[in-house]
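Numbering (this note's numbering), first residue to last: 308 to 594.
By construction, the Cβ of each residue, glycine as well, lies at the ideal position given by its N, Cα and C atoms.
Read through the structure below, which is laid out as C-alpha cells, and then see the notes.
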C-alpha cells in the first residue's frame, strides 16, 4: 500500500472520531452524511486551506512541512503515538533490511530462567517470541508446541482459539492493543518485508484482524495489564512492563509480568510455578 494512501486513510479515520462541538469550531451546516468533522472544518481548525487539506487526504500534496503536520495533529487531538505516526506517514523512514534470524545472547536466556515466580519473555520486532521462561508457557501459550513461524503474539491472539478462550472477555482489548502496535510498527518501518508479510497474512486469515486494522488505531506497547482465565488456577490479573534492549538490534524488548503481592493472582502463579511441567525456550533442542 502506498504511504500517501495510508496517510489519507489515517487522516480520515481520525477526523471521523471528532465532532465540531468536540473542538470548538462552527459547524458547516447541520446535515451530515458521514460521522465526524468535515474536511472544511478540519482545515479551518488547522489553519490551512481546504484545497490543500484535500490534497493531503488524496495523497497529492508534496513536501508537507512539519509545521503543517503539527497543526493538523493539534486539530485532530492526536496523542503522542498518533502524532509520531502522522509524521512517519508523511515522511516515511527508510531502512535497509537484511533478513536473518534473531540472535539471542545466552545471558538473556539465563536471566529469563532465573525469573521463576512470574512470566517473562523476549520479543523481536514482529511480536515474535524469541525466548521465554517456564511460567510464560504455563500462563499464556505453550510456545514449545507452536511451529516456529507462528511463535508471534499476533498469531496467537488472532488465530489460536485456545488462547482466545483463555483471554475470555479481555480478548478484544488484547486484540485491539496488538493491532494498534502493528500499526505503530508499520509506520516506524514501512519497508520491512517481514512485517508486511505478517500483516498481510493476518489480513487474509482473520476477518476480525482486518476489521480492527481498518480502524487505524496506533499505539506503542510500553506497559499494561494482562487479564485471563486460566483453566487450572482461575482468573489472573498481571500488570506488565517492557524493557528495551538497545544492545541487541535483532530484539525489541523484555516483557516482565508481576502479580500484586498477596493477591489471588500471586498465589495462583506460585501454584503454577510449583506444579507446571511446561518448558522454557532453553529446553528446546529444535529451532
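- Annotation for residue 446: 426, 537, 543, 579 place their beta carbon closer than 7 Å to its own, counting only its chain and skipping 5 residues before and after.
- Here residue 591 is exposed: its Cβ has fewer than 16 other Cβ atoms, across all protein chains shown, within 10 Å.
- Ranked by Cα distance from residue 367, the first of 314, 565, 585 is 314.
- By the criterion of a C-beta distance shorter than 6 Å, residue 524 is surrounded in its chain by 487, once the five residues flanking it on both sides are discounted.
- By the Cβ neighbour-count rule, residue 582 is exposed, with fewer than 16 other Cβ atoms within 10 Å of its own.
- With a cutoff of 8 Å on beta-carbon distance, residue 438 and residue 416 are scored as near each other.
- Segment contact: the region 313-329 against the region 364-382, three or more CB-CB distances shorter than 8 Å; contact assigned.
- For the set 408, 499, 470, 558, the Cα lying nearest the Cα of residue 456 is the one of 408.
- Boundaries of the alpha helix (DSSP H) harbouring residue 353: 346-353, taken from the DSSP string.
- Taking 8 Å as the cut-off, the Cβ atoms of residue 519 and residue 483 count as close.
- In this structure, the straight-line span from the alpha carbon of residue 553 to that of residue 485 is close to 22 Å.
- Per DSSP, residue 464 is one residue of the alpha helix (DSSP H) stretching across 460-466.
- Pairing residue 388 with residue 527 gives a Cβ-Cβ distance under 8 Å.
- A distance below 7 Å between beta-carbons, with the five flanking residues on each side excluded, links residue 433 to the following residues of its chain, in chain order: 459, 501, 502, 505.
- Within the region 532-577, the runs of beta strand (DSSP E) at least 3 residues long that lie entirely inside it are, in chain order, 541-551, 560-564.
- In this structure, the beta-carbon distance from residue 521 to residue 465 does not fall below 8 Å.
- Counting the other Cβ atoms within 10 Å of the Cβ of residue 550 gives fewer than 16, which makes it exposed.
- Here DSSP, grouped into helix, strand and coil, assigns residue 435 to strand.
- An exposed status is given to residue 468, since fewer than 16 other beta-carbon atoms sit within 10 Å of its beta-carbon.
- In the structure shown, the three-state DSSP call for residue 430 is strand.
- For residue 398, the three-state secondary structure derived from DSSP is coil.
- Looking at the backbone, the Cα of residue 377 and that of residue 395 are separated by about 12 Å.
- Inter-residue distance for residue 325 and residue 453 is about 42 Å (C-alpha atoms, whole angstroms).
- Going by C-alpha positions, residue 420 is about 5 Å away from residue 440.
- 320 is the residue among 370, 371, 320 whose C-alpha sits nearest the C-alpha of residue 346.
- Using a 10 angstroms sphere on the CB of residue 359, the tally of other CB atoms stays under 16, which defines it as exposed.
- For residue 526, no alpha helix (DSSP H) encloses it, and the DSSP letter there is neither H nor E.
- About 5 Å separates the Cβ atoms of residue 576 and residue 566, confirming a contact at the 8 Å cut-off.
- In this structure, the straight-line span from the alpha carbon of residue 564 to that of residue 353 is close to 42 Å.
- The residue from 559, 531, 322, 556 with its alpha-carbon nearest to that of residue 546 is 531.
- In terms of Cβ geometry, residue 586 and residue 451 form a close pair [threshold 8 Å].
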